[in-house]
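J.: The numbering of the sequence shown is the working numbering, which starts it at 294 and goes up by one. Just so you know, even glycine gets a beta-carbon here, dropped at the ideal spot from N, CA and C. These figures come from a predicted structure and were not determined experimentally. Below: one structure in structure tokens.
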Amino acid sequence: MDLKTLNLKQKTRAIRFSRFLSSLFFIPTGMLIFLLVFTTAAISFNNSVARQTLYALQDIPVPSKTVLIEGTSDVGYSEENHSHMYYIGAILIRSKLSLEELRSYYSSFSNDEYIFHVTKQDSQDIVCNNRSTGLKFASSIDDSDYYLVYSQGHNSNRLFASIASDR
Numbered sequence: 294m295d296l297k298t299l300n301l302k303q304k305t306r307a308i309r310f311s312r313f314l315s316s317l318f319f320i321p322t323g324m325l326i327f328l329l330v331f332t333t334a335a336i337s338f339n340n341s342v343a344r345q346t347l348y349a350l351q352d353i354p355v356p357s358k359t360v361l362i363e364g365t366s367d368v369g370y371s372e373e374n375h376s377h378m379y380y381i382g383a384i385l386i387r388s389k390l391s392l393e394e395l396r397s398y399y400s401s402f403s404n405d406e407y408i409f410h411v412t413k414q415d416s417q418d419i420v421c422n423n424r425s426t427g428l429k430f431a432s433s434i435d436d437s438d439y440y441l442v443y444s445q446g447h448n449s450n451r452l453f454a455s456i457a458s459d460r
């Protein structure tokens, strides 16, 4: 073998080894970047669905003798089946109307996408369907005229619905 052929083989090996090393770096890095982008997009999408649920509540005009105090939204796993997401929008209102009157009023705005529930609110903790959500209102509840109006939104997009939100 002459020196030129030997150098060419060494150069070829060096190039192949260099490509191998770069693939060891770039493939996992690319996968990591993809996962980060996908997760960030999923979290943003899930939070957007929750905010839309809140906006649907806030778009309803408040009945007479009623004041909207504040609203909040959240995303999380359902307690019954951890593979499903829940989206909640909740508003705190203060009203001189009775619970039955408020339920009747808000149920008239319910549709296939949103079902509006009204419950008496006696603390800052937000409880929906007899389960704590972990959410709290910032406003203090100082009398019996406070009510929680909430809707649990849903999303049929299974691609993003399976990713948890870390806010």
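How far does the alpha helix (DSSP H) with residue 407 in it reach, from first residue to last?
T.: Residue 407 -> no alpha helix (DSSP H), and no H or E assigned at all.
J.: Ignore the nearest five residues each way along the sequence and tell me which others in residue 355's own chain have a CB closer than 6 Å to its CB.
T.: The residues are 361.
J.: What are the boundary residues of the alpha helix (DSSP H) that residue 395 is part of?
T.: It spans 392-400 - the alpha helix (DSSP H) in which residue 395 sits, taken as one unbroken run.
J.: In its own chain, which residues sit with a C-beta less than 6 Å from the C-beta of residue 412, not counting the 5 before and 5 after it?
T.: Closer than 6 Å at Cβ, skipping near neighbours: 441.
J.: Note down the Cα distance separating residue 352 from residue 346, rounded to an integer number of angstroms.
T.: Approximately 10 Å, taken between the alpha carbons.
J.: Thinking C-alpha only, which one of 423, 383, 391, 331 is nearest residue 444?
T.: The shortest Cα separation from residue 444 among 423, 383, 391, 331 belongs to 383.
J.: Alpha carbon to alpha carbon, how far is residue 340 from residue 381?
T.: Rounded to whole angstroms, residue 340 to residue 381 spans 10 Å at the Cα level.
J.: Does the distance from the C-beta atom of residue 359 to that of residue 397 stay below 7 Å?
T.: No, they are not a contact pair.
J.: Could you spell out where the beta strand (DSSP E) holding residue 384 opens and where it closes?
T.: Where residue 384 is concerned, the enclosing beta strand (DSSP E) stretches over 378-388.
J.: Take the Cβ of residue 322 as the centre, count every other Cβ of all protein chains shown within 10 Å, and call the residue buried at 16 or more, exposed below.
T.: Under this definition residue 322 is an exposed residue.
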